[in-house]
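If you count the sequence shown from 1, you need to add 15 to reach the working numbering. First the structure, in the form of structure tokens, and then the observations on it.
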Amino acid sequence: MLVDVVPYLVCPVCGADLAMTEGRLHCPSGHAFDVARQGYANLLPGNARPGTADTPEMVRARAAFLGAGHFAPIVERLARTVARSMNGPGCVVDAGAGTGYYLSRILDRTPGVVGLAVDISKHAARRAAKAHPRAGAVVADLWRPLPVRGGAADVVVNVFAPRNAAEFHRVLRPDGPLFAVTPSSGHLGPLVEALGLISIDERKIERTDAALAGYFKPDGRERVDAEAVLTHDEITTLVGMGPSAHHVPEEALRERLERLPDPLPVPLSFVLSAYRRLE
Numbered sequence: 016m017l018v019d020v021v022p023y024l025v026c027p028v029c030g031a032d033l034a035m036t037e038g039r040l041h042c043p044s045g046h047a048f049d050v051a052r053q054g055y056a057n058l059l060p061g062n063a064r065p066g067t068a069d070t071p072e073m074v075r076a077r078a079a080f081l082g083a084g085h086f087a088p089i090v091e092r093l094a095r096t097v098a099r100s101m102n103g104p105g106c107v108v109d110a111g112a113g114t115g116y117y118l119s120r121i122l123d124r125t126p127g128v129v130g131l132a133v134d135i136s137k138h139a140a141r142r143a144a145k146a147h148p149r150a151g152a153v154v155a156d157l158w159r160p161l162p163v164r165g166g167a168a169d170v171v172v173n174v175f176a177p178r179n180a181a182e183f184h185r186v187l188r189p190d191g192p193l194f195a196v197t198p199s200s201g202h203l204g205p206l207v208e209a210l211g212l213i214s215i216d217e218r219k220i221e222r223t224d225a226a227l228a229g230y231f232k233p234d235g236r237e238r239v240d241a242e243a244v245l246t247h248d249e250i251t252t253l254v255g256m257g258p259s260a261h262h263v264p265e266e267a268l269r270e271r272l273e274r275l276p277d278p279l280p281v282p283l284s285f286v287l288s289a290y291r292r293l294e
């Protein structure tokens with residue numbers, strides 16, 4: 016619930032600690048933020064323009080696909096890895112949390128830990144707010160200062176989302192790890208070319224390390240490979256939940272899918288990278 020993560024939140028306008036009274040978040044300077052009836056708080060500054068936020072359709076597609084368990088191998092590996100890094104109660108910040116699916120599985124494995132789901136999409140935050148009894152959700156832009164106290168996070172998790180190295184460094188405790196999940200070049204295999212999907216950069220890991228350099232150093236990496244047998248409808252849902260949803264017109268996707276077997280084995284490939292905070 017949002018009330019569980021309020022001690023970790025700061026005002027996005029002035030940076031002062033937030034408190035919660037009668038369903039509103041407020042700071043000593045008088046800035047106040049309503050809590051939506053779905054349980055999340057919108058902490059975007061007034062001049063923010065969430066143009067890159069996931070649409071309701073993308074969020075519904077992601078909830079349906081992840082809820083079916085197709086990404087279970089990576090979420091279980093991530094949850095176990097985070098659990099091993101925790102030394103008792105604390106806070107996990109999921110930066111770019113989407114529907115809260117990954118965070119909820121992490122919290123299942125970490126009793127006494129609370130989770131803060133941060134996403135720029137209010138549609139995602141609505142779902143993330145209800146993803147787990149110990150999770151709270153806020154709408155915020157990962158490219159702006161995060162509404163999180165400095166050194167408050169025991170772990171930061173980043174799954175298929177933008178990485179703000181400076182802010183991740185600021186909000187993490189001195190020895191807190193950052194765990195990032197990225198797709199590998201083999202992710203979705205032949206579907207990429209057959210359907211005209213956005214291809215995975217073969218140097219993505221190298222570029223991720225470079226983007227975090229100066230704030231974090233790599234501290235371990237593993238690849239997680241699996242296979243999912245997907246129907247055409249499930250493939251359509253998979254495409255609809257990611258960036259290719261804006262890239263491949265729906266009619267073109269249907270036409271290209273008709274040329275493929277139904278169902279179809281689809282390779283899934285992820286890289287789980289651990290990073291340590293530099294002083």
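All C-beta atoms in this analysis are idealised placements derived from N, C-alpha and C, irrespective of residue type, glycine included.
Under 9 angstroms between C-beta atoms of residue i and residue j
i	j	result
residue 17	residue 162	no
residue 56	residue 152	yes
residue 352	residue 142	Only positions 16 to 294 of the chain appear in this structure, which leaves residue 352 out of reach.
residue 220	residue 202	no
residue 249	residue 80	yes
residue 85	residue 181	no
residue 108	residue 168	yes
residue 115	residue 144	yes
Cβ-based neighbour list, residue i, same chain, cut-off 6 angstroms, excluding 5 preceding and 5 following
i	result
residue 129	19, 20, 106, 149
residue 183	171, 193
residue 204	282
residue 207	214
residue 137	154
Residue(s) in a DSSP beta bridge with residue i
i	result
residue 80	Its beta-bridge partners do not exist; DSSP assigns none.
residue 35	40
residue 130	107, 150
residue 49	39
residue 287	196, 237
Residues near residue i in its chain [Cβ-Cβ closer than 7 angstroms; skip 5 each side]
i	result
residue 29	42, 44, 46
residue 76	252, 255, 256
residue 239	88, 89, 92, 285, 287
residue 233	224, 288, 290
Simplified DSSP state of residue i, which is helix, strand or coil
i	result
residue 240	strand
residue 73	helix
residue 269	helix
residue 23	helix
residue 255	helix
residue 197	strand
residue 282	strand
residue 233	strand
CA-to-CA distance, residue j to residue i, given in whole angstroms
i	j	result
residue 211	residue 294	43 angstroms
residue 175	residue 135	14 angstroms
residue 222	residue 95	26 angstroms
residue 27	residue 245	42 angstroms
residue 33	residue 131	14 angstroms
residue 139	residue 277	30 angstroms
residue 165	residue 292	13 angstroms
residue 112	residue 179	14 angstroms
residue 241	residue 263	25 angstroms
residue 97	residue 147	16 angstroms
residue 225	residue 156	21 angstroms
residue 272	residue 196	28 angstroms
residue 59	residue 31	15 angstroms
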